[in-house]
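A quick write-up on the structure given underneath.
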Amino acid sequence: MIATMVQALNQALAQEMERDPRVVILGEDIGVDGGVFRVTEGLIQKFGDRRVLDTPLAESGIIGAAVGMAAFGLRPVAEIQFLGFIYPGFNHIISHVARLRNRTRGRFTASLVIRTPYGAGLRALEHHSESTEALFCQIPGLTVVVPSTPYDAKGLLISAIRSEDPVIFLEPSRIYRAEKQDIPDEPYEVPLRQARIVKEGKDLTILAWGAMVPVAQKASDLAAKTGVSPEILDLRTLSPLDEEAILVSVKKTGRALVVHEAPKTCGLGAELAALINEHALLNLEAPITRITGPDITIPLPKTEDYYYVNPERVLQGIIKIMEF
Amino acid sequence: MLIEKFDPLKGEMLQILDEEGRIKTDLEPRLTAEDLRKIYSLMVMTRAADLKAFKLQRQGRMGTYAPSLGHEACQVGTAYPLQKDDWVFPYFRDLGGCLTLGYPLSDYYLYWMGNEAGMKAPEHLNIFPLAIPVASQIPHSVGAGMAAALQNKKIAVATTFGDGATSEGDFHEALNFAGVFQTPNVFVCYNNQWAISTPRSHQTAAKTIAQKAVAYGFPGIAVDGNDVLAVYAAVKEALDRARNGKGPTLIEAVTYRMGHHTTSDDASKYRLDVEVKEWEKKDPLLRFRIYLKSKRLWDESYEKAVQDKAAEDVETAVAKAESAPLPSPEDVFISTYKQMPPKLTEQLKDLTDLLKEGQK
Numbered sequence: 000m001i002a003t004m005v006q007a008l009n010q011a012l013a014q015e016m017e018r019d020p021r022v023v024i025l026g027e028d029i030g031v032d033g034g035v036f037r038v039t040e041g042l043i044q045k046f047g048d049r050r051v052l053d054t055p056l057a058e059s060g061i062i063g064a065a066v067g068m069a070a071f072g073l074r075p076v077a078e079i080q081f082l083g084f085i086y087p088g089f090n091h092i093i094s095h096v097a098r099l100r101n102r103t104r105g106r107f108t109a110s111l112v113i114r115t116p117y118g119a120g121l122r123a124l125e126h127h128s129e130s131t132e133a134l135f136c137q138i139p140g141l142t143v144v145v146p147s148t149p150y151d152a153k154g155l156l157i158s159a160i161r162s163e164d165p166v167i168f169l170e171p172s173r174i175y176r177a178e179k180q181d182i183p184d185e186p187y188e189v190p191l192r193q194a195r196i197v198k199e200g201k202d203l204t205i206l207a208w209g210a211m212v213p214v215a216q217k218a219s220d221l222a223a224k225t226g227v228s229p230e231i232l233d234l235r236t237l238s239p240l241d242e243e244a245i246l247v248s249v250k251k252t253g254r255a256l257v258v259h260e261a262p263k264t265c266g267l268g269a270e271l272a273a274l275i276n277e278h279a280l281l282n283l284e285a286p287i288t289r290i291t292g293p294d295i296t297i298p299l300p301k302t303e304d305y306y307y308v309n310p311e312r313v314l315q316g317i318i319k320i321m322e323f
Numbered sequence: 000m001l002i003e004k005f006d007p008l009k010g011e012m013l014q015i016l017d018e019e020g021r022i023k024t025d026l027e028p029r030l031t032a033e034d035l036r037k038i039y040s041l042m043v044m045t046r047a048a049d050l051k052a053f054k055l056q057r058q059g060r061m062g063t064y065a066p067s068l069g070h071e072a073c074q075v076g077t078a079y080p081l082q083k084d085d086w087v088f089p090y091f092r093d094l095g096g097c098l099t100l101g102y103p104l105s106d107y108y109l110y111w112m113g114n115e116a117g118m119k120a121p122e123h124l125n126i127f128p129l130a131i132p133v134a135s136q137i138p139h140s141v142g143a144g145m146a147a148a149l150q151n152k153k154i155a156v157a158t159t160f161g162d163g164a165t166s167e168g169d170f171h172e173a174l175n176f177a178g179v180f181q182t183p184n185v186f187v188c189y190n191n192q193w194a195i196s197t198p199r200s201h202q203t204a205a206k207t208i209a210q211k212a213v214a215y216g217f218p219g220i221a222v223d224g225n226d227v228l229a230v231y232a233a234v235k236e237a238l239d240r241a242r243n244g245k246g247p248t249l250i251e252a253v254t255y256r257m258g259h260h261t262t263s264d265d266a267s268k269y270r271l272d273v274e275v276k277e278w279e280k281k282d283p284l285l286r287f288r289i290y291l292k293s294k295r296l297w298d299e300s301y302e303k304a305v306q307d308k309a310a311e312d313v314e315t316a317v318a319k320a321e322s323a324p325l326p327s328p329e330d331v332f333i334s335t336y337k338q339m340p341p342k343l344t345e346q347l348k349d350l351t352d353l354l355k356e357g358q359k
């Protein structure tokens with residue numbers, strides 16, 4: 000079927016609910032309304048209000064309840080309406096979701112998925128545009144996943160639901176409907192912890208994820224006109240990282256450019272730079288470069304573009320790294 | 000005392016003006032003719048400014064906007080009895096409250112147009128920036144109440160929020176603090192029956208929101224939120240109690256969200272039009288107009304004057320907001336810290352250079 004990312008996610012949820020009666024979904028406005036982005040459209044009609052739970056407005060309650068559901072053998076998929084509203088539930092994520100397996104030496108696990116849209120570019124209200132993925136990557140026990148295409152969105156969400164570990168599933172809202180792709184009708188898994196080579200190249204490796212993947216592609220097209228051949232790696236799982244794929248690529252090209260939407264300081268780019276430094280320093284022809292959002296609160300829509308990483312900025316990074 | 004008279008556990012609700020505009024004279028608050036006309040003009044202004052904002056959004060001249068349609072009595076009735084030194088912690092749906100306090104409409108518009116400059120309230124207004132994360136303003140307001148008590152200030156602190164907010168942990172924690180520390184807080188819940196698609200009945204199994212106060216150890220009262228006199232009277236009494244060291248009060252103003260949750264929402268997807276039509280009959284402006292007429296404070300020419308003035312003020316505010324300069328790169332960087340760290344100065348320079356390059 001030809002699907003947007005929203006439709007692909009919807010199909011993944013429907014098919015997993017069909018396959019596995021343990022899968023339940025819960026969140027604000029996900030039932031009758033079908034979710035504010037319509038990711039859960041039609042599911043309450045199909046599976047009823049015992050498996051599609053419209054909850055009161057309480058993120059801590061949603062995530063906390065999901066922990067109990069998971070421990071009791073269900074496979075909850077919780078939706079938090081926007082990443083910016085997850086923080087009342089952060090206590091449960093850091094204190095329980097991530098640690099339940101370790102605290103009980105495997106007797107209990109929080110095999111659950113927390114889905115939430117995130118990122119800038121929709122000209123949205125305050126608290127709707129941040130990219131705080133690195134906060135979750137620092138928590139041991141969590142798997143942090145970000146799709147960048149409809150195909151991956153469906154396959155990764157299916158893998159996330161089937162995973163024995165808790166998954167924070169971050170959906171880049173900017174590209175929810177930006178691209179349509181022909182995806183298989185039947186269920187399929189895209190493995191977690193595996194990066195994807197978006198485009199092969201020989202001169203430098205661009206590391207990106209989510210809404211930054213198409214931005215990197217555009218920048219790469221621009222660079223190609225000047226004879227530069229970038230390789231683009233879509234990390235897909237941000238934690239635990241696919242270190243092998245990253246290092247193989249960087250060792251091949253000898254240059255690394257990290258592109259992320261989050262502020263620069265302590266963003267995932269810092270971890271990637273350290274990783275490359277530890278394992279491939281002698282392969283490098285130029286310093287690892289980061290093109291990221293600045294270290295400021297993301298501005299409101301009028302000046303959101305001051306913040307946003309666009310292809311021109313990425314191209315600048317490519318030029319800088321190639322001219323070193 | 001109204002608060003003692005109307006027991007939420009018995010399902011009682013304060014109403015002074017009924018839907019037909021009939022007054023319960025024994026409960027009628029003492030307001031001058033000037034006050035009554037002022038309240039009316041603020042409600043008219045709120046409605047005009049709100050409808051305009053919605054229209055601007057549809058024309059692409061405003062960002063995502065949370066309409067206040069139907070909340071005029073709640074909003075104006077809550078803000079009107081506030082005194083100069085009192086503080087208010089509003090949520091994202093409180094246009095009438097802001098206008099009543101004298102928040103410039105052009106600034107309110109500016110914020111919703113996506114410009115931070117609109118958030119900087121005038122220095123003389125004791126108003127916190129409106130809260131988008133649901134219920135997060137409630138603990139802040141309790142902290143302000145605790146600070147006022149520690150500083151021996153005889154002031155009250157009002158907080159507004161919707162029915163959805165009462166499900167958040169912050170609501171519980173804040174009201175619990177307020178009870179324990181006997182803070183000078185007045186919590187006003189605009190219970191508009193819908194939190195996006197979630198009906199009030201699915202938000203809490205409690206019969207009323209007002210009754211939740213009982214568990215925190217202070218009084219709660221339900222009022223007709225489309226009756227501006229009821230809202231005014233209850234809030235005024237609660238503010239007086241707060242200022243006089245009698246502790247917090249929870250007020251549930253029962254109203255209805257006549258519009259979408261925000262301009263990004265489509266309410267027809269989850270609620271019936273007949274319900275909306277039922278509430279149209281309870282329009283807060285209609286009944287107040289009848290009341291004013293009965294007091295010989297309203298006629299057609301007065302109505303025209305009020306409407307014309309509101310329309311004119313709205314247009315002036317739109318023009319002012321739309322002609323406001325775009326924030327500079329410095330503007331969006333400078334307030335991150337008291338003193339900008341060198342790294343940020345460098346990032347600002349990079350951005351400025353990039354923008355200059357783009358202009359070439």
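For the protein sequence lines, the chains are A and B, in the order given. Residues 0 to 323 in numbering that gives the first Met the number 0 are what the first sequence lists, from first letter to last. Residues 0 to 359 in numbering that gives the first Met the number 0 are what the second sequence lists, from first letter to last. The beta carbon of each residue, even a glycine, is placed where N, CA and C say it ideally should be. Please read all numbers here as calculations on a predicted model, not as lab measurements.
Residue from B:91, B:227, B:69 and B:251 whose Cα sits closest to the Cα of residue 206 of chain B: B:251
Own chain, CB closer than 7 Å to residue 101 of chain A, minus 5 neighbours either side, in chain order: The beta carbon of residue 101 of chain A sits closer than 7 Å to those of 140, all from its chain and outside the five residues before and after it, given in chain order.
Residue 34 of chain B - DSSP class collapsed to helix/strand/coil: helix
Chain-ordered neighbours of residue 401 of chain B on chain A, where CB pairs are closer than 7 Å: Residue numbering for chain B in the displayed model covers 0 to 359; residue 401 of chain B lies beyond these limits and cannot be assessed.
Residues that residue 300 of chain B contacts on chain A, provided the C-beta gap is smaller than 8 Å: Under the 8 Å cutoff, chain A gives no residues; its nearest Cβ is about 41 Å from residue 300 of chain B.
Residue closest to residue 30 of chain A, alpha-carbon to alpha-carbon, out of A:73, A:18, A:77 and A:3: A:77
Residue 54 of chain A classed as buried or exposed, judged by whether at least 16 other C-beta atoms fall within 10 angstroms: Buried is the call here.
Neighbour list for residue 18 of chain A in chain D, Cβ cutoff strictly below 8 Å: As a matter of chain content, chain D is missing from the structure shown, whose protein chains are A and B.
Counted within 10 angstroms of its Cβ, other Cβ atoms place residue 0 of chain B as buried (16 or more) or exposed: So residue 0 of chain B ends up on the exposed side.
Beta-carbon contacts of residue 15 of chain B that lie in its chain and below 7 Å, excluding the five residues immediately before and after: When the five nearest sequence neighbours on each side are left out, the beta carbons in the same chain lying within less than 7 Å of the beta carbon of residue 15 of chain B are those of 22, 23, 26, 27, 226, 228, 229 and 232, in order along the chain.
Buried or exposed by the 16-neighbour rule on C-beta atoms within 10 Å, applied to residue 244 of chain B: So residue 244 of chain B ends up on the exposed side.
Span separating the alpha-carbon of residue 178 of chain A from that of residue 7 of chain A: 11 Å
Residue 254 of chain B - DSSP class collapsed to helix/strand/coil: coil
Environment of residue 1 of chain A [buried if 16+ CB atoms lie within 10 Å]: exposed
Same chain, Cβ closer than 7 Å to residue 98 of chain A, neighbours up to 5 away in sequence not counted: 140
Residue 250 of chain A - DSSP class collapsed to helix/strand/coil: Of the three classes helix, strand and coil, the one that applies to residue 250 of chain A here is helix, per DSSP.
Alpha carbon of residue 255 of chain B to alpha carbon of residue 160 of chain B, nearest angstrom: 13 Å
Reference residue 297 of chain A; option with closest CA among A:213, A:307 and A:289: A:307
Chain-ordered residues of the region 281-306 of chain A with a beta carbon less than 8 Å from chain B: 293, 294, 295, 296, 298, 299, 300, 301, 302, 303, 305 and 306
Per-residue contacts from residue 59 of chain A into chain B (C-beta, under 7 Å): 168
Distance CB(residue 51 of chain A)-CB(residue 39 of chain A) smaller than 8 Å: yes
Under 8 Å by beta carbon: chain A residues contacting residue 201 of chain B: 53 and 55
Assigned secondary structure, residue 227 of chain A (DSSP; H/G/I helix, E/B strand, else coil): coil
Three or more C-beta pairs below 8 Å linking the region 129-145 of chain A and the region 256-270 of chain A: In short, these stretches touch, since the Cβ pair count reaches three.
Per-residue contacts from residue 332 of chain B into chain A (C-beta, under 8 Å): 293 and 295
Touch test, the region 112-123 of chain B against the region 185-201 of chain B, Cβ-Cβ under 8 Å, three pairs minimum: no
Alpha-carbon to alpha-carbon, residue 8 of chain B and residue 241 of chain B: 22 Å
Classification of residue 179 of chain B by the beta-carbon crowding that lies within 10 angstroms, buried from 16 upward: exposed
Reduced DSSP category for residue 64 of chain B - H, G, I as helix; E, B as strand; rest coil: DSSP, reduced to helix, strand and coil, places residue 64 of chain B outside both helices and strands of the structure shown, so it counts as coil.
CB contact check: residue 126 of chain A to chain B, cutoff 8 Å: yes
At least 3 beta-carbon pairs within less than 8 Å: the region 92-103 of chain B vs the region 120-131 of chain B: yes
Coil, strand or helix - residue 23 of chain B by DSSP: coil
7 Å Cβ cut-off: residues of chain A touching residue 346 of chain B: 293 and 294
For residue 5 of chain A and residue 176 of chain A, believed in contact at Cβ under 8 Å, the rounded distance: The Cβ separation is near 6 Å, so the contact holds.
Run of the beta strand (DSSP E) containing residue 169 of chain A, from where it starts to where it stops: 166-171
Close-in-space but distant-in-sequence residues of the same chain around residue 18 of chain B (CB under 7 Å, 5 per side omitted): 280, 281 and 286
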